[in-house]
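Number of protein chains: 2
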Amino acid sequence: MQRPQGPALQSAILDEARQLLLAEGSGALSTRRIARAVGCTATSIYLYFENKEALLYVLVDEGFELLHGSLESAYREASEAHPAGEQRLRALARAYVAFGLQQPAYYEVMFRMAPEPLSEFPNDSYVRARRSLELIGRAIDEARTASNLEPVCSSTAATLLWSSLHGLLSLLSNRRIDQRLDPTELLELGIEQACRIPTAPHWERRTSA
Amino acid sequence: MQRPQGPALQSAILDEARQLLLAEGSGALSTRRIARAVGCTATSIYLYFENKEALLYVLVDEGFELLHGSLESAYREASEAHPAGEQRLRALARAYVAFGLQQPAYYEVMFRMAPEPLSEFPNDSYVRARRSLELIGRAIDEARTASNLEPVCSSTAATLLWSSLHGLLSLLSNRRIDQRLDPTELLELGIEQACRIPTAPHWERRTSA
DNA sequence: GGTTTGAGTTAACACTGTTCACTACGGCCC
DNA sequence: GGGCCGTAGTGAACAGTGTTAACTCAAACC
Chain A
47 MQRPQGPALQ
57 SAILDEARQL
67 LLAEGSGALS
77 TRRIARAVGC
87 TATSIYLYFE
97 NKEALLYVLV
107 DEGFELLHGS
117 LESAYREASE
127 AHPAGEQRLR
137 ALARAYVAFG
147 LQQPAYYEVM
157 FRMAPEPLSE
167 FPNDSYVRAR
177 RSLELIGRAI
187 DEARTASNLE
197 PVCSSTAATL
207 LWSSLHGLLS
217 LLSNRRIDQR
227 LDPTELLELG
237 IEQACRIPTA
247 PHWERRTSA
Chain B
47 MQRPQGPALQ
57 SAILDEARQL
67 LLAEGSGALS
77 TRRIARAVGC
87 TATSIYLYFE
97 NKEALLYVLV
107 DEGFELLHGS
117 LESAYREASE
127 AHPAGEQRLR
137 ALARAYVAFG
147 LQQPAYYEVM
157 FRMAPEPLSE
167 FPNDSYVRAR
177 RSLELIGRAI
187 DEARTASNLE
197 PVCSSTAATL
207 LWSSLHGLLS
217 LLSNRRIDQR
227 LDPTELLELG
237 IEQACRIPTA
247 PHWERRTSA
């Protein structure tokens, strides 16, 4: 077991990569470092993964799986506790923020990593994130039928909610935000704001730019 | 002039770095590439900049200068055209988004670059961004006195507006958003949503978690 | 027993940021 | 003018990166 071979080596590489990611962040993920920890050479990684990017994708998938699990259980719990759609939506937003704060390394490879090292992400990203976005969209629809507001495409509204929370998480973990402000208050207000469902697109009936 | 020396070399290095950043993005910024383009060795860069990070900071500062200029002129123009505070706030949000879309390379080094390569950013970032955030805060205050809503600290509100727009810009330029959605509609709705000033913090008077 | 297949390694390529020891040159003092 | 000094700039090197080509070695098959 000290020198795994075959498929065992593949999963050992993956395990080591995950451990490095979680322990030291995405910056610590180098082929040679993973290999050193596993006990093989860096070239062996290419026997089981097309390149470093492909290895990263597996971790990205894991992250999306984790996120979706969090969202689903938050939605379920909120559905049992509160019949109001608004509460369900808020619970999803809260779960999303919690994931971003508790799994910063996963969050980084999922959403913040530059497009170059994840060049094929655009096509697949929505495939992976779709279920989560659809869950948010459903909660939005439920909250909306309760309030009876003018409709905006629910996947658009879900994307807006997502991006708004993402901006806050991203700036907070990049420490781009004034340290004198209270992060908790910012997050609470941000969640509140993100859950305000956009009403009819005012911009379409504006007269001039 | 073909082989600049002294302070001329310093500004030649800076010019080349800026050109590389704008032409090919932050990924193209390597000391050796800059040096090759300038016509000196990579070591010479260290005569005028402590390290690559220090060189990047100069470009980050430039970016903040550009952004603030955009925001200021947008604010001024909106002030002349529309006396309503809301319109001024919307103009700022629009200008911010425009900057992010038109200067993606500057935007990246300013806000999206990982904290490690900009390790000292946290302390200075707010110093640089403060004026812009204060301008947004002022516009928020003006819009608020017009509407007469419950107060939330204007710098908190400004940070929320900023982060919400940032999330949208960040996901859009990282191509993390479903390509079937219309980016223009997303941006318009996002701007509208970001400009909704948060009212009293509901979460403080909530009874249970 | 010989051949083939495939897993894994070694060595290398082309990069990266950064440092150390060095050269070359201009100004200054005696 | 000769020697000295400070300094701008360089070449070589270190330690690291992702990745590839050529190789070894052992097991499997005929």
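So the sequences go chain by chain: A and B.
Start counting the first sequence at 47; every next residue gets the next number (this note's numbering).
Start counting the second sequence at 47; every next residue gets the next number (this note's numbering).
We put the CB at the ideal spot given by N, CA and C, even for glycine.
Because the structure is a prediction, the values reported are computed rather than measured.
Next on the checklist: What does the alpha-carbon distance come out to for the pair V104/B and K98/B?
Outcome noted: Position 58 of the second sequence, counting from 1, holds the residue named residue 104/B. Position 52 of the second sequence, counting from 1, holds the residue named residue 98/B. Their Cα atoms are separated by approximately 10 Å.
Checklist entry - In angstroms, rounded to a whole number, what distance separates the CA positions of L232/B and G131/A? => result Here residue 232/B is taken as the residue at index 186 of the second sequence, counted from 1. Here residue 131/A is taken as the residue at index 85 of the first sequence, counted from 1. Roughly 23 Å separates the two Cα atoms.
Checklist entry - Does the beta carbon of Q56/A come closer than 8 Å to any beta carbon on chain B? => result In the first sequence, the residue the question calls residue 56/A occupies position 10. False, the Cβ-Cβ gap to chain B never drops below 8 Å.
Checklist entry - Quick one: does P244/A have its CB under 8 Å from some CB of chain B? => result Within the first sequence, the letter at position 198 stands for residue 244/A. For P244/A, a Cβ of chain B is located within less than 8 Å of the residue's own Cβ.
Next on the checklist: Quick check on T202/A: buried or exposed, where buried means 16 or more other Cβ atoms within 10 Å of its Cβ?
Outcome noted: Here residue 202/A is taken as the residue at index 156 of the first sequence, counted from 1. So T202/A counts as buried.
Checklist entry - Does the Cβ of E162/A have 16 or more other Cβ atoms within 10 Å, making it buried, or fewer, making it exposed? => result Here residue 162/A refers to the residue found at position 116 of the first sequence. Since pLDDT at E162/A reaches only 46, below the 50 mark, its modelled position is unreliable, and the value read off the structure follows with that caveat. With fewer than 16 other Cβ atoms within 10 Å, it is exposed.
Checklist entry - Who are the Cβ neighbours of S210/A in its own chain at under 6 Å, not counting the five residues just before and after it? => result The residue given as residue 210/A occupies position 164 in the first sequence. Closer than 6 Å at Cβ, skipping near neighbours: A240.
Checklist entry - Roughly how many angstroms lie between the CA atoms of R64/B and P50/B, to the nearest whole one? => result Counting from one through the second sequence, the residue named residue 64/B turns up at place 18. Counting from one through the second sequence, the residue named residue 50/B turns up at place 4. Note on geometry: alpha-carbon atoms of R64/B and P50/B lie some 17 Å from one another.
Checklist entry - Applying a beta-carbon distance threshold of less than 9 Å, which residues of chain B neighbour G115/A? => result Indexing the first sequence from 1 puts residue 115/A at position 69. Correct list: empty, because the minimum Cβ distance to chain B is about 20 Å.
Checklist entry - Taking the C-alpha atoms as reference points, what is the distance between R140/A and Y152/A? => result Your numbering for residue 140/A matches position 94 in the first sequence. Your numbering for residue 152/A matches position 106 in the first sequence. Each residue's alpha carbon lies about 17 Å from the other.
Checklist entry - Is the shortest distance between the beta-carbon of E238/B and the beta-carbons of chain A less than 8 Å? => result Here residue 238/B is taken as the residue at index 192 of the second sequence, counted from 1. Nearest CB-CB separation between E238/B and chain A: below the 8 Å threshold.
Checklist entry - Is the beta carbon of L135/B sitting closer than 8 Å to the one on A185/B? => result Translated into positions along the second sequence, residue 135/B becomes position 89. Translated into positions along the second sequence, residue 185/B becomes position 139. Yes; because the gap between Cβ atoms is below 8 Å, this pair is in contact.
Next on the checklist: Between I59/A, Y121/A, L227/A and R226/A, which has its C-alpha nearest A189/A's C-alpha?
Outcome noted: Here residue 189/A refers to the residue found at position 143 when the first sequence is read from its first residue. The shortest C-alpha separation from A189/A is found at Y121/A.
Next on the checklist: Output needed for D187/A: all residues of its chain with C-beta closer than 7 Å, excluding positions within five of it in sequence on either side, in chain order.
Outcome noted: Start at 1 with the first residue of the first sequence, and residue 187/A comes out as number 141. Only S200 meet the Cβ criterion.
Next on the checklist: What residue range does the alpha helix (DSSP H) around S200/A cover?
Outcome noted: Indexing the first sequence from 1 puts residue 200/A at position 154. Counting along the chain, the alpha helix (DSSP H) containing S200/A begins and ends at S200 to S219.
Checklist entry - Beta carbon of I182/A, beta carbon of W208/A: below 8 Å? => result Along the first sequence, read from residue 1 onward, the residue named residue 182/A stands at position 136. Along the first sequence, read from residue 1 onward, the residue named residue 208/A stands at position 162. In terms of Cβ geometry, I182/A and W208/A form a close pair [threshold 8 Å].
Checklist entry - Rounded to the nearest angstrom, how far is the Cβ of S90/A from that of L55/A, given a contact under 8 Å? => result On the first sequence, residue 90/A is found 44 positions in, with the first residue counted as 1. On the first sequence, residue 55/A is found 9 positions in, with the first residue counted as 1. With 8 Å as the limit, S90/A and L55/A qualify as a contact, their Cβ atoms being about 7 Å apart.
Checklist entry - Does the distance from the C-beta atom of E62/A to that of I80/A stay below 8 Å? => result As a first step, residue 62/A must be located in the first sequence, where it is residue number 16. As a first step, residue 80/A must be located in the first sequence, where it is residue number 34. Going by C-beta atoms, E62/A is nearer than 8 Å to I80/A.
Checklist entry - Within 8 Å (strictly less), CB to CB, does P168/A reach chain B? => result By 1-based counting over the first sequence, the position of residue 168/A is 122. Any reading at P168/A is ruled out, since the residue's pLDDT is 47, under 50, leaving its predicted position unreliable.
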